[in-house]
Amino acid sequence: MKVVDARGLSCPQPVVLTKKSLEEGELPFVVFVDTDASKENVTRFVRSRSLSCTVQENADGSANITVGK
Amino acid sequence: MKYFFASRIGIIGAGAIIGTIAALLQYAGNPANMGICVACFLRDIAGALGLHRAGVVQYLRPEIIGMFGGAFIAALLFKDFRPSGGSSPIVRFFLGMLAMFGALVFLGCPWRAVLRLAGGDANALFGIIGLVAGISIGIFFLTRGYSLGKKQPLSKKAGWLLPVFWGVLLLLLIFQVKPLETGALFFSASGPGSLHPAVWLSLLAGLAIGIIAQRSRFCSVGAIRDAVLVKDFHLFSGLLAFLGAALVWNLLLGQFRLGFEGQPIAHTDSLWNALGMVLAGMAFVLAGGCPGRQVFLSGEGDMDAAVFVMGMLVGAGLAHNFGVAASPGGVTLAGQVTVILGIIICLILGFTNLRGGETR
């Protein structure tokens, strides 16, 4: 599965990278984020496009967001 | 509860509360249409520290200390405190300086642009038009791969520096420290810097704003950016609530006066009101958020956001020392030249930080 590593990036780059991957059309893919703000932004964006996503929270506060399927 | 303020109703509530606090701070003594202005208040702090000697805008504004402290406390409580840094710090420092130059030509940060509108100052419309334009130019770069690079996680313990910095400033203020008779701290005897409520009231207001904003991710520039970029109106609804609440309170408290002429701490030069905010808007987007958001992020341990804030502080000093800052009398030639050069520098920073696929 394709990986978008958005850890360490400022707003709104995680969303921009997610958007770019959606436009490339290959589903599902996974987005790595490392702040709650990025997690909220990416999941809100994905759901606004009527796609599902599942969030797996990691112990260090980062999260893996699996988009679509 | 942890995510209440991140919901749609939460961000609207956050905007409404912050707008209310801003209008009430004006009622309690802050300058007109300046209940909260991150740019103006950082400028006043720069003045209090003697980084500039503009006698009418010197006060160690406790709101900013409170906003940082509130975000810091909320981040600790909700496990959002994650020190990190190292994403082009010096570029962010210059973006902070440039954002301050633009904001001081308009006379306000994006928050104050909205508060000026809520007070009936129609000149703010041109500032907001400029802000939207500047943000749109920033988006042009974002969609083409603009990035200042990844920040690196730091040890939790490495996050002590900023809380101590703001804590020391608070102590300087409380004890009115003035080691040299003619030296800092400086406090305005007249003008906007002399207008403020009691320290504890400003501090409490700032703390409340910091906590709410940290939880809700309230961001005035992100609001417009997300609306334009991905048609996401989440943050925008918070910004509208901020405007609406301040407007209602201003009407109730008799703080609303519609017009262009004679507005408090404002000038009527529409072109430069707009262009100043074009510059500020570009710099904010290229750095990732409005000045308030940068303060809150620094409270979460984001050292890069803290560098941006320090850039604003230094920029405020330079802006007044070199006559870049506007006044109610109008915009100076130095201000006009600086805004044009600043826009050019932001464009160059945008083009030179396109990374294509590198951020993947």
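Sequence lines, in order, name chains A and B.
Reading the first sequence from the start, the letters are residues 226 to 294 in my numbering.
Reading the second sequence from the start, the letters are residues 102 to 461 in my numbering.
Yeah, the Cβ is synthetic: ideal placement off N, Cα and C, and Gly gets one too.
Since the model is a prediction, treat every value here as computed from it, not as a measurement.
Burial state of residue i, where buried means 16 or more other Cβ atoms lie within 10 Å
i               : result
L262 of chain B : exposed
W301 of chain B : exposed
F180 of chain B : Checking the sequence shown, residue 180 of chain B turns out to be Lys, not Phe. Exposed.
E282 of chain B : exposed
A290 of chain B : exposed
F276 of chain B : exposed
G430 of chain B : exposed
Q281 of chain A : exposed
F385 of chain B : buried
R316 of chain B : buried
R263 of chain A : Here the sequence assigns Ser to residue 263 of chain A, which means Arg is not the residue at that position. With 16 or more Cβ atoms within 10 Å of its Cβ, S263 of chain A is classed as buried.
S256 of chain B : exposed
F167 of chain B : The question names Phe, but residue 167 of chain B is Gly in the sequence shown. Looking at its Cβ environment, which holds 16 or more other Cβ atoms inside 10 Å, G167 of chain B is buried.
K279 of chain B : exposed
L242 of chain A : buried
S248 of chain B : buried
Q253 of chain B : exposed
S273 of chain A : exposed
Which of helix, strand or coil DSSP assigns to residue i
i               : result
D222 of chain B : strand
E459 of chain B : Confidence at E459 of chain B is low in this model, with a pLDDT of 47, below 50, so the placement of that residue should be treated as unreliable; the coordinate-derived value is given next. Three-state result, E459 of chain B: helix.
V432 of chain B : coil
A204 of chain B : helix
Q315 of chain B : helix
I137 of chain B : coil
Y128 of chain B : helix
S188 of chain B : coil
N289 of chain A : strand
Q253 of chain B : strand
V228 of chain A : strand
G239 of chain B : helix
G197 of chain B : helix
G209 of chain B : coil
G171 of chain B : helix
G231 of chain B : helix
G360 of chain B : strand
Y104 of chain B : coil
Beta-carbon contacts of residue i that lie in its chain and below 8 Å, excluding the five residues immediately before and after
i               : result
G286 of chain A : D259, T260 and D261
R232 of chain A : F257, V258, D259 and S287
L359 of chain B : G221 and A223
T254 of chain A : In the sequence on display, residue 254 of chain A carries Phe and not Thr. Excluding residues within five positions, the ones whose Cβ falls inside 8 Å are M226, K227, V228, V229, S246, T291, V292 and G293.
Residue i CB to nearest heavy atom of the ligand FAD below 7 Å
i               : result
C391 of chain B : The ligand FAD is not among the ligands present in this structure, which contains no ligands whatsoever.
Neighbourhood of residue i by C-beta distance below 6 Å, restricted to the same chain and skipping five residues each side
i               : result
A323 of chain B : A quick correction: the sequence has Gly, not Ala, at residue 323 of chain B. Taken in chain order, the residues that qualify are L336 and G390.
C210 of chain B : C138, V139, A140, A204 and P392
S321 of chain B : P211, W212, L340 and C391
L442 of chain B : none
R193 of chain B : A388, D405, V408 and F409
A462 of chain B : This structure cannot speak to residue 462 of chain B, because chain B is shown only from 102 to 461.
N508 of chain B : In the structure as shown, chain B starts at 102 and stops at 461, and residue 508 of chain B therefore has no counterpart that could be examined.
L348 of chain B : A219
F173 of chain B : P264 and G400
Chain-order list of residues whose beta-carbon lies under 7 Å from that of residue i (same chain, five-residue window excluded)
i               : result
D145 of chain B : V158, Q159, Y160, R162 and G294
R461 of chain B : Residue placement at R461 of chain B is poorly supported in this model, since its pLDDT is 40, which falls under 50; the coordinates are not used for a value here.
E459 of chain B : Only weak support exists for where E459 of chain B lies, its pLDDT of 47 falling under 50; the value from the coordinates is given anyway. The answer is none, since no qualifying residue turns up.
I118 of chain B : I313
S399 of chain B : F169, L263, A406, A407 and V410
F287 of chain B : G148, A149, G151 and Q159
A309 of chain B : I122 and G171
Any chain D beta carbon closer than 8 Å to residue i
i               : result
T260 of chain A : You won't find chain D in this structure, because its protein chains are A and B.
Taking any Cβ of chain A, which residues in the stretch 142 to 157 of chain B have a Cβ under 8 Å from it, in chain order?
none
Identify each residue in the stretch 436 to 455 of chain B for which the Cβ-Cβ distance to at least one residue of chain A is less than 8 Å, and report them in chain order.
none
Identify each residue in the stretch 232 to 247 of chain A for which the Cβ-Cβ distance to at least one residue of chain B is less than 8 Å, and report them in chain order.
R232, G233, L234, S235, C236, P237, Q238, V240, V241, L242 and K244
Any C-beta of chain A within less than 7 Å: which residues of the stretch 356 to 387 of chain B qualify?
none
Of the residues that make up the stretch 330 to 348 of chain B, which ones have a beta carbon closer than 8 Å to any beta carbon in chain A?
L330, V331, K332, D333 and H335
Counting only runs of 4+ residues fully inside the stretch 374 to 418 of chain B, write out the alpha helix (DSSP H) ranges in chain order.
392 to 400
Residues in the stretch 239 to 259 of chain B with C-beta within 7 Å of chain A's C-beta atoms, listed in sequence order?
L243, T244, S248, L249, K251, K252 and Q253
When Cβ atoms are compared, which residues of the stretch 167 to 183 of chain B fall closer than 7 Å to chain A?
K180, D181 and R183
Which residue spans inside the stretch 240 to 292 of chain A form an unbroken alpha helix (DSSP H) run of at least 4?
261 to 273
In chain order, which continuous runs of the alpha helix (DSSP H) of length 4 or greater are located wholly inside the stretch 256 to 319 of chain B?
262 to 275 and 300 to 317
Any C-beta of chain A within less than 8 Å: which residues of the stretch 218 to 241 of chain B qualify?
none
In chain order, what residues of the stretch 283 to 301 of chain B put their CB closer than 8 Å to some CB of chain A?
none
Report the residues of the stretch 187 to 199 of chain B with a CB closer than 8 Å to any CB of chain A, ordered along the chain.
S188
What are the residues in the stretch 104 to 128 of chain B lying within 7 Å of chain A by C-beta distance?
A107
Using Cβ-Cβ distances below 7 Å, what residues of the stretch 262 to 291 of chain A are close to chain B?
A262, E265, R269, F270, S273 and G286
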